[in-house]
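Shown next, in structure tokens, is the structure this report addresses.
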Amino acid sequence: AYEMRGRYERAIAVYRQGIAVKPDFAPAYHTLGRTYVRVGRYAEAVKACKKAIALEPDLAPAYIDLGLAYDRLKLYQQAVDAYGKAIAIEPRMETAHVNLGVTYYKLGRYADSVAAYRKAIALKPNSAGSYYGIAVAQDRLGRPAEAVAALEQAVRLDPRGQIGLRAAGLLERIRRRPPKTE
Numbered sequence: 018a019y020e021m022r023g024r025y026e027r028a029i030a031v032y033r034q035g036i037a038v039k040p041d042f043a044p045a046y047h048t049l050g051r052t053y054v055r056v057g058r059y060a061e062a063v064k065a066c067k068k069a070i071a072l073e074p075d076l077a078p079a080y081i082d083l084g085l086a087y088d089r090l091k092l093y094q095q096a097v098d099a100y101g102k103a104i105a106i107e108p109r110m111e112t113a114h115v116n117l118g119v120t121y122y123k124l125g126r127y128a129d130s131v132a133a134y135r136k137a138i139a140l141k142p143n144s145a146g147s148y149y150g151i152a153v154a155q156d157r158l159g160r161p162a163e164a165v166a167a168l169e170q171a172v173r174l175d176p177r178g179q180i181g182l183r184a185a186g187l188l189e190r191i192r193r194r195p196p197k198t199e
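For any residue, its number in the numbering used here is found by taking its place in the sequence shown, counting from 1, and adding 17.
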């Protein structure tokens, strides 16, 4: 309840109290780790998520939050590995595919980023954010037509939202670029 109201430090204290009472309860460590991510305490998040995973190796959400913590620490390959483990446990977890797409993009692995976002879209077809992710990766790959198609879909799905507006801006910039000459 504290976490949902933005009272993260209080939530952390409560989770720690719970862990003191029941130190083998993996979800408490995972929730603590997730909260540490939210407050920017990434090294502590890694420790808490790893403890959750040690207690419950199939806790896919803990791998996602571990991946987020690694990503924020710029430990991108470790993030990729964590997301991969989440996907191996729960292949239909769209968030893991999205986060994997983001991290692949940061690594400059644009084709892998596109593939991860496409898997996310297969699970959640109305995700403007995943279409936007595909678009920026396709743009980096020098595929403006594919980027434009993905951006148009992002705008259709979120015409007045933050992602849709960002997509519309990038769409306009791509369309204004002079054509490449060989």
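Quick reminder that beta carbons are idealized off the backbone N, C-alpha and C, glycines included.
TODO: Please list the segments of the alpha helix (DSSP H) lying wholly inside the region 98-148, counting only runs of 4 or more residues, in order along the chain.
DONE: 111-123, 127-140
Task: Rounded straight-line distance, which links the Cα of residue 197 to that of residue 65 - done: 50 Å
Task: Best match in 106, 191, 125, 117 for proximity to residue 163 [C-alpha to C-alpha] - done: 191
Task: Close-in-space but distant-in-sequence residues of the same chain around residue 89 (CB under 6 Å, 5 per side omitted) - done: 59
TODO: With residue 50 as the anchor, note down where its alpha helix (DSSP H) starts and where it stops.
DONE: 43-55
Task: Classification of residue 63 by the beta-carbon crowding that lies within 10 angstroms, buried from 16 upward - done: buried
Task: Local Cβ density within 10 Å of residue 34, reported as buried at 16 or more and exposed below that - done: exposed
Task: CA-to-CA distance, residue 107 to residue 39, given in whole angstroms - done: 26 Å
Open item on the list: Contact between the region 72-89 and the region 103-118 is defined here as three or more beta-carbon pairs at a separation below 8 Å; is this criterion met?
Closed with: yes
- [ ] Assuming residue 171 and residue 152 form a contact by the criterion Cβ under 8 Å, report the distance between their Cβ atoms to the nearest whole angstrom.
- [x] 7 Å
- [ ] Quick one: grab the DSSP three-state call for residue 186.
- [x] helix
Open item on the list: I'd like the span of the alpha helix (DSSP H) that includes residue 161, first residue to last.
Closed with: 161-174
Open item on the list: On the DSSP letters alone, give me the boundaries of the alpha helix (DSSP H) that residue 68 sits inside.
Closed with: 59-72
TODO: Would you decide whether residue 143 is buried or exposed? Buried here means 16 or more other CB atoms lie within 10 Å of its CB.
DONE: exposed
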